[in-house]
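Asker: Numbering (the UniProt record's numbering), first residue to last: 1 to 289. Okay, handing you the structure first.
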């Protein structure tokens with residue numbers, strides 16, 4: 001792991017300032033990796049790992065509140081991937097001129113390390129869907145089965161546990177907007193509640209973990225890679241949707257039909273941090289003027 005030696009942390013009452021690290025919430029929370037942090041008061045607020053949080057920018061970095069030293073060390077430092085020096089990783093990835101251009105455009109991007117079950121359900125919802133609808137459905141599921149948290153004058157909701165979500169019927173999930181995915185969500189929640197161990201899957205090597213995730217209904221290769229990248233610390237996972245395949249075709253001149261061909265190309269081109277390159281390329285392709 002490439003450690004983050006330039007980062008400085010300052011702890012005030014109920015707030016943590018992180019300096020020497022560039023993190024732009026408007027990119028991190030709008031790039032398709034997470035859907036429950038929304039713009040608020042010049043920053044973003046939402047719920048992750050059962051906690052409500054506000055994140056805002058400063059001239060030297062960003063701050064988190066409410067956040068004690070203990071919560072920061074136990075939850076948020078890992079959630080925002082702050083143990084990893086992106087500056088060093090991007091210097092390595094930027095040997096590729098296309099990634100270099102995408103990285104310059106995507107400054108302040110970081111991958112989030114989210115809860116596996118929430119990420120599993122979220123990316124089942126994401127199939128054949130757009131960001132606005134994904135956000136709406138995931139928030140509706142949290143309101144239906146999660147626990148309320150009063151925060152900054154609003155009521156936010158935790159994402160439900162497998163047991164809580166397993167109690168919601170497919171019919172009700174359809175009413176919440178899940179459509180045909182309702183059966184997948186209900187069955188997956190039931191499997192997780194019955195003991196399918198996502199933490200154990202996360203400890204497997206990449207290929208084995210990807211195969212294990214595809215045993216859940218509604219999880220194909222692309223969704224599995226999203227879960228691996230955004231919640232299981234598999235930085236070599238490379239979700240390939242229509243945007244990424246367009247990048248590979250138009251910028252790299254390759255049309256990769258099989259998962260095997262894609263895997264070989266990604267490993268040879270981007271190496272162990274292919275997932276970080278993917279997020280930069282995805283954001284660049286989807287939002288550049």
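Think of the CB as a built atom: it goes at the ideal place given N, C-alpha and C, for glycine as much as any other residue. Just so you know, these numbers come straight off a predicted model, no measurement behind them.
Do you know whose CA, among 150, 128 and 122, lies nearest residue 137's CA?
Answerer: 122
Asker: Measuring only the C-alpha atoms, how far is residue 221 from residue 214?
Answerer: 7 Å
Asker: Could you give the residue range of the alpha helix (DSSP H) that holds residue 105?
Answerer: Per DSSP, residue 105 belongs to the alpha helix (DSSP H) from 97 to 105.
Asker: With a threshold of 8 Å, are at least 3 pairs of Cβ atoms found where one atom belongs to the segment 73 to 87 and the other to the segment 129 to 146?
Answerer: no
Asker: Residue 283: which of 52, 106 and 85 sits nearest, CA to CA?
Answerer: 106
Asker: Below 8 Å, can you find three or more Cβ-Cβ pairs linking the segment 263 to 280 to the segment 79 to 92?
Answerer: Touching, per the Cβ criterion.
Asker: Give a yes or no on whether the C-beta atoms belonging to residue 188 and residue 120 are separated by under 8 Å.
Answerer: yes
Asker: Should the segment 12 to 29 be called in touch with the segment 48 to 66, which here means at least 3 C-beta pairs below 8 Å?
Answerer: yes
Asker: Take residue 97 as the anchor and find which of 202, 230 and 269 has the nearest alpha-carbon.
Answerer: 269
Asker: Candidates 45, 133, 183 and 50: which alpha carbon is nearest residue 153's?
Answerer: 45
Asker: Helix or strand or just coil, what does DSSP make of residue 215?
Answerer: Reduced to three states, the DSSP call for residue 215 is coil.
Asker: In chain order, which continuous runs of the alpha helix (DSSP H) of length 4 or greater are located wholly inside the segment 204 to 256?
Answerer: Within the segment 204 to 256, the runs of alpha helix (DSSP H) at least 4 residues long that lie entirely inside it are, in chain order, 206 to 213, 221 to 231 and 242 to 250.
Asker: Measure from the alpha carbon of residue 117 to the alpha carbon of each residue in 166, 258 and 259, then state which is nearest.
Answerer: 166
Asker: Take the Cβ of residue 128 as the centre, count every other Cβ of all protein chains shown within 10 Å, and call the residue buried at 16 or more, exposed below.
Answerer: exposed
Asker: Specify the secondary structure class of residue 268 as computed by DSSP and reduced to three states.
Answerer: Note: residue 268 maps to helix in three-state DSSP.
Asker: Using the Cα positions of residue 264 and residue 237, report the straight-line distance between them to the nearest angstrom.
Answerer: Computed Cα separation, rounded: 12 Å.
Asker: Just verifying my parser: in three-state terms, what is the DSSP assignment at residue 45?
Answerer: Of the three classes helix, strand and coil, the one that applies to residue 45 here is strand, per DSSP.
Asker: Alpha carbon to alpha carbon, what distance is there between residue 260 and residue 205?
Answerer: C-alpha separation (whole angstroms): 16 Å.
Asker: Compute the Euclidean distance between the alpha carbons of residue 22 and residue 254, then round it to the nearest angstrom.
Answerer: Rounded to the nearest angstrom, the two C-alpha atoms are 32 Å apart.
Asker: Have a look at 114, 58 and 108 and flag the residue whose alpha-carbon is nearest the alpha-carbon of residue 79.
Answerer: 114
Asker: So who's on the other strand from residue 55, going by DSSP bridges?
Answerer: Under DSSP, residue 55 takes part in a beta bridge, and its partners are 44 and 64.
Asker: Mapping the DSSP letters down to three states, classify residue 1 as helix, strand or coil.
Answerer: Confidence is the limiting factor: at residue 1 the pLDDT is only 47, short of 50, which leaves the residue's position unreliable and the question unanswerable from this model.
Asker: Quick one: grab the DSSP three-state call for residue 289.
Answerer: coil
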